[in-house]
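The structure under discussion appears below in the form of structure tokens.
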Amino acid sequence: LLAACNSPATAPYLHHSALYGQRTMKVKPSFLLSSLILLVSALGSVLAQTCTPGDDTCTSSNNRNNASPPPQQPKNHKRTITIDNLSKYRADIHYDDGRFGKVMQTITANGGTSTPIHTFVGHRFFVTMHGVREGLVDPMTEEQISFTVSEDDDTDGKKFVIPKEATTSKTKCKDRYPVCKDEAARGECTNNPGWMIVNCCQSCDDKEGYGHFIDSEVRCTRERLNATRAAFDVGSLNDLFTRWATEEAFVQYEPNVISSPGKTHGAEYDGPWILTFDSFIDDEEIESLLEGAEYGGFQRSTDQGRVVGSSGEREKVVSTSRTSSNAWCRRECERMPGVMQVSKRIEEVTGIPQGNYESFQILKYEVGEFYKRHHDSSGKKTNISGHRILTVFLYLNDVEEGGETAFTELGIAVKPKKGRALIWPSVLNDDPDASDYRTYHEARAVKKGTKYAANHWIHQYDFRNANVWGCGGSFA
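Residue numbers (this note's numbering): 34 to 509.
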């Protein structure tokens, strides 16, 4: 039904990505019959709709109410445009969808040119700094650089230009989008304060008096966010792993100590704690995690770049060290019973509240894909949420060949096994505010098959509330 009303204007922005394999669903005959009746009923109106090529609307033409026919569209409403970037900023080009825009292309600074963009009369595009939502503006007027395709533009190709003098706005508290007032009116300044304060500051100031929070040093303090309780004290790390290795309550998860200080508890290696629970999640929970990934869809993995301005916003850049795809398990995914069950189990096993966890990152590695040597710690104890102190890494399937998690400083490689949890610390037992650089690791390339995995990164202090207030830089 949606396809019947899919105009050329919206087609480039609609997509469907298969997650893995095929699923089989059993449907009762009564359900099929009722669905067929609804379909026939709906087709009566859908087949009588006309989709306007120049925008995202469909209008009824069944004339039940003697409505006037839709206005005649130009005979040739298609256009092809390119954009030159003369500014000193690497720029993202966004299609204006009437809300927050959709990134179309990134153009290099100082003379870069976009690839041709096939579009339609009436479409508008606006420009931001790459990886963030900070708009590039005309320094004389403070108006954001934007382009609107008109009927007068040459059908063979129109060139727009981001001028050399384009820069960022001097006004710190401003609205970046026309919909900001509506979003503030429906309560988003309190529901999603970090993102709204940075992107809709003026509306949030008018509605809630939040304008001063545009400064991350004001917005992001542990005292204001009530995030002063540390998960680990000196000695906590050794105590936790020792309990996992010795107490009866954890036998059900089949603990296996791979590395420990002094090669205790049957460890093969003398070093930092590295342990697996070989039977930690079941098939239904794995299915929930993989289904949850479908909500956001797998995308090419990205990293956080530099901080842009005093708002604390971080540039998002495509990762060069890892070639995997990932999906963040948020909102609908996090509310799935199977996903909630896994997170609750991790909370019970570690004794660390879920508020310290980053959302599940669900990973997909195809043949040849990898993640180069890296460390999971943030590297700075001054971060609002502190270090990532633990990684809980879940293998969601068996991999035919390759895909091991290899600890490069220790000569240890752990093979993916469906249902296994691999756990290691990123900090020292004697100083939880210091990184343990022995736990550098890599994801080796998959040689045969596909690798699916998921992980919770666990922080020393509260992460989730800090993230809601945009204090991690990602505004997710």
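Ideal Cβ positions, reconstructed from N, Cα and C, are used throughout, including at glycine.
Buried/exposed call for residue i, threshold 16 Cβ in 10 Å
{"i": "Glu402", "result": "buried"}
{"i": "Val284", "result": "exposed"}
{"i": "Val267", "result": "exposed"}
{"i": "Arg262", "result": "exposed"}
{"i": "Gly295", "result": "exposed"}
{"i": "Gly364", "result": "Looking at the sequence itself, residue 364 is Arg, so the reference to Gly does not match. Arg364 is exposed by the Cβ-count criterion."}
{"i": "Asp272", "result": "exposed"}
{"i": "His245", "result": "exposed"}
{"i": "Asp464", "result": "exposed"}
{"i": "Thr279", "result": "exposed"}
{"i": "Gln514", "result": "Only positions 34 to 509 of the chain appear in this structure, which leaves residue 514 out of reach."}
{"i": "Asn224", "result": "exposed"}
{"i": "Gly144", "result": "exposed"}
{"i": "Ser183", "result": "exposed"}
Cβ pair residue i, residue j closer than 8 Å
{"i": "Cys233", "j": "Ile247", "result": "no"}
{"i": "Ser147", "j": "Thr115", "result": "yes"}
{"i": "Gly251", "j": "Gly503", "result": "Residue 251 is actually Val in this sequence, not Gly. Contact: no."}
{"i": "Phe496", "j": "Ser410", "result": "no"}
{"i": "Leu423", "j": "Ile456", "result": "yes"}
{"i": "Arg209", "j": "Arg166", "result": "yes"}
{"i": "Ala477", "j": "Glu437", "result": "In the sequence on display, residue 477 carries Arg and not Ala. Yes; because the gap between Cβ atoms is below 8 Å, this pair is in contact."}
{"i": "Asn498", "j": "Ala260", "result": "yes"}
{"i": "Leu308", "j": "Phe265", "result": "no"}
{"i": "Gly371", "j": "Ser321", "result": "yes"}
{"i": "Tyr398", "j": "Lys484", "result": "yes"}
{"i": "His408", "j": "Val460", "result": "no"}
{"i": "Pro288", "j": "Val501", "result": "no"}
Straight-line Cα distance separating residue j from residue i
{"i": "Leu258", "j": "Asn389", "result": "13 Å"}
{"i": "Lys197", "j": "Lys191", "result": "19 Å"}
{"i": "Pro172", "j": "Asp315", "result": "58 Å"}
{"i": "Glu324", "j": "Asp186", "result": "45 Å"}
{"i": "Asp130", "j": "Thr139", "result": "18 Å"}
{"i": "Val194", "j": "Glu241", "result": "38 Å"}
{"i": "Ala439", "j": "Ser249", "result": "37 Å"}
{"i": "Trp510", "j": "Phe158", "result": "It is not possible to answer for residue 510, since the shown part of the chain is limited to 34 through 509."}
{"i": "His156", "j": "Ile150", "result": "11 Å"}
{"i": "Ala467", "j": "Gly330", "result": "35 Å"}
{"i": "Leu427", "j": "Lys481", "result": "19 Å"}
{"i": "Pro86", "j": "Val154", "result": "Note that Pro86 scores a pLDDT of 38, beneath 50, so its modelled location is shaky; the value from the coordinates is reported in the next line. In a straight line, the C-alpha of Pro86 is about 9 Å away from that of Val154."}
{"i": "Asp239", "j": "Glu391", "result": "31 Å"}
{"i": "Trp228", "j": "Glu318", "result": "31 Å"}
{"i": "His127", "j": "Thr297", "result": "56 Å"}
{"i": "Arg255", "j": "Cys206", "result": "23 Å"}
{"i": "Ser67", "j": "Glu327", "result": "Legend: pLDDT at Ser67 = 48, less than 50; position of this residue unreliable, value from coordinates given subsequently. Approximately 27 Å between the Cα atoms of the pair."}
{"i": "Thr383", "j": "Val447", "result": "21 Å"}
{"i": "Glu221", "j": "Thr174", "result": "29 Å"}
{"i": "Gln374", "j": "Tyr494", "result": "22 Å"}
{"i": "Glu433", "j": "Val479", "result": "8 Å"}
{"i": "Lys135", "j": "Arg453", "result": "38 Å"}
{"i": "Tyr19", "j": "Glu367", "result": "With the chain represented from 34 up to 509, any question about residue 19 goes unanswered, as that position is not in the structure."}
{"i": "Ser354", "j": "His110", "result": "43 Å"}
{"i": "Asp469", "j": "Arg276", "result": "21 Å"}
{"i": "Leu429", "j": "Ser236", "result": "44 Å"}
Contacting residues, own chain, Cβ-Cβ under 6 Å from residue i (five flanking each side not counted)
{"i": "Met162", "result": "Tyr122"}
{"i": "Arg132", "result": "Val212"}
{"i": "Gly299", "result": "Val290"}
{"i": "Asn98", "result": "Caution applies to Asn98, whose pLDDT of 39 falls short of 50 and renders its modelled position unreliable; the value that the coordinates give is listed next. Cβ neighbours of Asn98 beyond the five flanking positions: none."}
{"i": "Leu270", "result": "Pro458 and Asn462"}
{"i": "Cys253", "result": "Ile417 and Cys504"}
{"i": "Thr181", "result": "Arg157"}
{"i": "Met137", "result": "Ile126 and Tyr128"}
Close beta carbons around residue i, own chain, < 7 Å, minus the five adjacent residues each side
{"i": "Leu443", "result": "Ser292, Tyr302, Gly304 and Arg471"}
{"i": "Asp510", "result": "Shown here, the chain extends from 34 to 509; a query on residue 510 therefore has no answer."}
{"i": "Ala142", "result": "Asn118, Ser120, Lys121, Tyr122 and Arg123"}
{"i": "Pro386", "result": "Glu380"}
{"i": "Thr356", "result": "Glu402 and Phe403"}
beta-carbon residue i near the ligand ADP non-hydrogen atom, thresh 7 Å
{"i": "Val267", "result": "For the ligand ADP, the structure offers nothing, since it holds no ligand at all."}
8 Å Cβ shell around residue i - same chain, five flanking residues per side excluded
{"i": "Val170", "result": "Glu176, Gln177, Ile178, Ala199, Thr200, Thr201 and Ser202"}
C-beta neighbour in chain C for residue i, strict 8 Å
{"i": "Ser292", "result": "The structure shown contains no chain C; it holds only a single protein chain."}
contact_flag[the stretch 205–222, the stretch 458–475] where n(CB pairs < 8 Å) is 3 or more: The stretch 205–222 is not in contact with the stretch 458–475.
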